[in-house]
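Residue numbering for the sequence shown follows the working numbering, starting at 13 and increasing by one per position.
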Amino acid sequence: MHFIALLGWFGAALSIVLPWPQVWRSVARGRTQGLSAAACWQGAVMPVGWITYGLLTGETVQVVTNTVTGLAGLAVLVTVLIRQRELRTGRTLLISAAGAAGVLAAAAGSAAAGLLTGIGGTRAAAFLGAALAVSAILGSIPQPLSLLRDRRQDLGGLSPLRWWLAAVACGSWSAYGLATGQPAVWLSALVGLGSALIVCWVLFAAARTPATVVVAAPVFRAAHATRVVRPASATARPVYGAARLMSRELAPA
């Protein structure tokens, strides 16, 4: 039991640390290129669902971890929406925030059912866990999918360290979920692990690919150059004119 508890807290520590490289890159330095809006919404809202899950199951590790990661995800989301105006249009918000709205609805419904009805916190947590697992699977798709669909896009807004930490953290949470018999935890963590590894692979491949330098060929403009030979001075005369004068002077009278 002590090893399982340590495994959970190890995953919690990694989860607390992992969003801050992205916060530094996006919030502090203002670099948001390559970030998926739907993934940012999920990163800000999914912790709310897991906090509710932890309160229903009595797991302090879930509450502490997701409180920190939720604040970090919210900071990144706000920065992305501020710096990219096209993501604030009504249609785009409707599409990108649909999954996040579903998570909030599931968390609110489960909390209300667990507190106000007689089904108990355990059953409410089981329902919420299933909803979070499905949401985690769907929410982990947009970021790697956007990178795979457009391999030439600017990836300057993505923090490689954040995604490597995410891969290790998801691996730890997968082991913790399997050891504690929580399918919602290990299933969502496994999907997150696959997503993180894809993003890491794309970033690694992009870093190894040398930048292509396009050299523009010189443009030659055809011009009809006319060479004009002029006398060295205004008083100078052509040679044949001087020859005629000399011939006149030498001619007999």
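Idealized CB from N, CA, C, for every residue including glycine.
Predicted, not measured: the structure shown is a model, and the values here were computed from it.
- Task: Tell me whether E98 sits in a helix, a strand or coil according to DSSP, three-state version.
- Result: To locate residue 98, count along the sequence shown from 1; it is residue 86. E98: helix per DSSP, three-state reduction.
- Query: Shortest alpha-carbon distance to L167 belongs to which of I16, S48 and L190?
  - Reply: What you label residue 167 is simply residue 155 of the sequence shown in a count that begins at 1. Of the listed residues, the one whose Cα sits closest to L167 is S48.
- Task: Spell out a yes or no on whether the region 80–88 and the region 54–63 are touching, meaning 3 or more CB-CB pairs, one atom from each, closer than 8 Å.
- Result: yes
- V226 versus R164 - alpha carbon distance: As a first step, residue 226 is located in the sequence shown; it is residue number 214 there, counting from the start. As a first step, residue 164 is located in the sequence shown; it is residue number 152 there, counting from the start. At V226, the pLDDT of 46 sits below 50, so the modelled position is not reliable; the number obtained from the coordinates is stated separately. Distance between the alpha carbons of V226 and R164 is about 15 Å.
- Message: Just to confirm my understanding: we take G206, look at its own chain, exclude 5 residues before and 5 after, and list those with CB closer than 8 Å. What are they?
- Response: Here the question's residue 206 lines up with position 194 in the sequence shown. S152.
- Item | Integer-rounded CB distance, given that L140 should sit under 8 Å from A179 | Here the question's residue 179 lines up with position 167 in the sequence shown. Here the question's residue 140 lines up with position 128 in the sequence shown. The beta-carbon separation of A179 and L140, rounded to 25 Å, does not stay under the 8 Å limit for a contact.
- Task: Within the same chain, show all residues whose beta-carbon is closer than 6 Å to that of A191, passing over the 5 residues directly before and after it, in chain order.
- Result: Here residue 191 refers to the residue found at position 179 of the sequence shown. I16.
- Query: Which of helix, strand or coil does DSSP assign to L167?
  - Reply: Residue 167 sits at position 155 when you count from the first residue of the sequence shown. L167 falls in the coil class under three-state DSSP.
- Message: Does the region 182–198 come into contact with the region 19–31, if we say contact requires no fewer than three beta-carbon pairs (one atom in each stretch) closer than 8 Å?
- Response: yes
- Item | Local Cβ density within 10 Å of P156, reported as buried at 16 or more and exposed below that | Mapped onto the sequence shown, residue 156 falls at position 144. Burial call: buried.
- Task: Consult DSSP for I131 and reduce its assignment to one of helix, strand or coil.
- Result: In the sequence shown, counting from the first residue as 1, residue 131 sits at position 119. Of the three classes helix, strand and coil, the one that applies to I131 here is coil, per DSSP.
- Short check: CB of L30 to CB of A181, under 8 Å? For the purposes of this step, residue 30 is identified with residue 18 of the sequence shown, where counting begins at 1. For the purposes of this step, residue 181 is identified with residue 169 of the sequence shown, where counting begins at 1. In contact: L30 and A181 (Cβ atoms closer than 8 Å).
- Item | Distance CB(L202)-CB(P33) smaller than 8 Å | Translated into the one-based positions of the sequence shown, residue 202 becomes position 190. Translated into the one-based positions of the sequence shown, residue 33 becomes position 21. No.
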